[in-house]
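Going by this note's numbering, 258 is the number at position 256 of the sequence shown; the sequence numbering is gapless. From the three backbone atoms N, C-alpha and C, an ideal C-beta is built for every residue, glycine too. Working notes for the structure below.
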Amino acid sequence: MENHTIVTLKKGEGRTIKAGGLWIFDNEIETITGTFQNGQVVTVHDFDGYPMGRGFINQNSKIRIRLMTRHGNQEINEEFLRMRVQNAWDYRKTVMEKPKDLNACRIIFGEADFLPGLVVDKYADVLVVQCLALGMEAYKATIVSLLKEILSADGISIRGVYERSDANERKKEGLPKVKDFIGEPFDTSVEIVENKVHYLVDVVNGQKTGFFLDQKYNRLAMQRICRGKKVLDCFTHMGTFALNAGIAGAVDVTGLDISEYALEQATENARRNNLQDTVHFRCANVLDELPKLAAAGEKYDVVILDPPAFTKSREATKNAIKGYREINMKGLKLVKDGGYLATCSCSHFMTQELFTKTIREAARSTHKRLRQVEFRTQAPDHPILWAADESYYLKFFIFQVCEEK
């Protein structure tokens with residue numbers, strides 16, 4: 003049954019949605035007229051009664067309303083959801099290099115696909131769903147069904163769907179964590195191919211939804227840089243950058259990570275690609291290991307820094323700056339004169355300007371000159387919605403590193 007509750011914004015508020023975003027915070031609301039249950043769709047008016055759109059409300063969250071549509075009279079039904087899902091899939095077919103890059107890609111990216119709080123990743127013939135918003139729970143099953151139908155129309159059969167709604171953000175929505183099959187159980191070890199590299203993805207126990215798809219084309223960009231080179235891949239996780247270096251013809255590749263489980267996967271992936279003779283992995287705390295390598299006189303043609311997010315809140319940004327400065331200083335000391343550094347941040351709180359400033363400080367402290375080869379962001383299956391800052395999170399630089407002479 004459609005809910006007729008009207009939420010009215012305070013005068014001067016709603017700047018985010020007026021700029022094209024989808025979030026309305028608790029302190030932006032003046033009045034709520036009508037009765038509702040958390041998770042239901044309500045209509046949003048500006049202070050003067052002008053309709054701003056419709057979205058689901060949740061009083062458990064500081065993000066009080068997530069808009070589903072900018073039209074105040076739009077009904078959120080199956081026809082509406084089909085339109086959203088079809089648009090998301092058509093977009094991927096346009097921006098990804100098909101068919102090979104559609105083998106593994108993000109099909110739905112939450113707010114950036116106007117389906118707030120929902121992520122759906124495709125790994126070969128398996129879908130992995132992550133739902134982080136209470137209101138989206140009511141539509142999850144319908145969206146999965148529609149997506150399978152839409153993919154089938156393009157000749158793509160899905161053999162199973164798994165839910166990885168086990169992120170801490172669920173608690174903020176008043177939701178329990180969930181890890182389970184949607185539908186019939188199936189073998190959750192899935193082989194995918196990306197940039198000609200084969201991976202075995204564990205959708206149940208892997209990070210996030212099983213694999214980091216957002217670095218797809220950044221890994222590809224490193225292939226031409228790493229050919230014939232000695233490479234150090236830090237925070238290698240499943241060995242993704244290391245394996246791209248190996249497949250491109252690097253002569254020696256070392257991957258470092260603190261997770262033994264991830265390195266077991268990385269080692270298996272090296273064997274799967276017949277790279278076990280040139281790509282090797284070692285369990286180590288990267289921050290501790292890099293100074294040891296420098297003290298031992300080690301130098302590399304290419305150093306890759308792909309750390310986890312050093313901050314997941316605005317309040318922790320100052321400490322994150324120190325962390326990024328430290329890791330980049332340590333990495334720069336290991337690059338041969340004329341060699342290359344790839345460095346990135348996956349926190350949207352670490353803005354491009356702030357990250358650039360931090361790298362510049364690291365270079366100055368280590369007396370290195372940087373020549374920027376290129377700047378990149380996340381792959382286009384993770385689109386950046388302007389006015390939704392959280393959708394722009396990945397910053398990726400490639401530099402040539404020169405000694406100050």
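The residues Leu148, in chain order, have a CB closer than 7 Å to that of Arg84 in the same chain once the five nearest residues on each side in sequence are set aside. Excluding residues up to 5 positions away in sequence, Lys174, Glu175 lie with their Cβ nearer than 7 Å to the Cβ of Ser63 in the same chain.
The beta carbon of Glu363 sits closer than 8 Å to those of Arg327, all from its chain and outside the five residues before and after it, given in chain order.
Burial state of Arg108 is buried, judged by a 10 Å Cβ sphere holding 16 or more other Cβ atoms. The residue among Met98, Leu117, Val206 with its C-alpha nearest the C-alpha of Gly137 is Leu117.
Judged by DSSP secondary structure, Tyr302 falls outside any alpha helix (DSSP H) and instead within the beta strand (DSSP E) spanning 302-307. Counting only residues of its own chain and dropping the five nearest sequence neighbours on each side, Ala247 has a CB closer than 6 Å to the CB of Cys228, Val233, Val255. Between the region 287-297 and the region 264-278, the count of Cβ pairs shorter than 8 Å is below three; the stretches do not touch. Counting every other CB atom within 10 Å of its CB across the protein chains shown gives Tyr52 a total below 16, marking it as exposed.
Bridge partners of Lys210 according to DSSP: none are assigned. In the DSSP assignment, the residues bridged to Glu196 are Val199. The C-beta separation of Asp216 from Ala381 comes to about 6 Å, placing the pair in contact by the 8 Å criterion. In the DSSP annotation of this structure, the continuous segment of the alpha helix (DSSP H) that includes Phe82 starts and ends at 80-97. Annotated three-state conformation of Ser347 is strand, per DSSP. Contact check for Leu334 against Val288 fails: the beta carbons are separated by 7 Å or more. By the criterion of a C-beta distance shorter than 8 Å, His200 is surrounded in its chain by Glu193, Ile194, Asn271, Arg274, Asn275, once the five residues flanking it on both sides are discounted. Ranked by Cα distance from Glu32, the first of Gly16, Gln42, Val43, Leu24 is Gly16. Non-local beta-carbon contacts of Thr10 in its own chain, meaning distances under 6 Å to residues more than five positions away in sequence, involve Glu32, Thr33, His47 in chain order.
Leaving aside the five residues that flank Leu245 on each side, the residues in its chain whose CB is nearer than 7 Å to its CB run, in chain order, Val199, Asn271, Ala272, Asn275, Leu277, Val281. Contact annotation, Gly36 with Ile78: C-beta distance approximately 16 Å; criterion of less than 8 Å not satisfied. If you look at Lys397, you'll find it in the beta strand (DSSP E) that goes 397-405. Residue environment for Thr242: buried (at least 16 other C-beta atoms within 10 angstroms of its C-beta).
Its Cα nearest to that of Gly341, the residue Tyr302 stands out among Leu134, Tyr302, Ala311. Within 10 angstroms of the beta-carbon of Asn321 lie fewer than 16 other beta-carbons, which makes it exposed. No residue range can be given for Gln39, since it is assigned to no beta strand (DSSP E) and is classified by DSSP as neither H nor E. Distance between Gln42 and Glu139, taken at the CA atoms: about 10 Å.
In the structure shown, the three-state DSSP call for Asp127 is coil. Taking C-beta separations shorter than 6 Å and ignoring five residues to either side along the sequence, the partners of Val97 in its chain run Pro382, following chain order. By the 16-neighbour rule on beta-carbons within 10 angstroms, Glu406 is exposed. Inter-segment contact for the region 98-106 and the region 122-133 is present: three or more beta-carbon pairs are separated by less than 8 Å.
Residue state for Thr360 is assigned as helix, using DSSP reduced to three classes. Excluding the 5 residues flanking it on each side, Glu262 has same chain C-beta neighbours closer than 6 Å at Cys285, in chain order. Beta-bridge partners of Ala106 (DSSP): Tyr125. Annotation for Gly325: the continuous alpha helix (DSSP H) segment containing it runs 319-334.
Using a Cβ distance threshold of 7 Å, Ile65 and Trp25 count as a contacting pair. Here the alpha carbon of Asp50 sits roughly 21 Å from the alpha carbon of Asn5.
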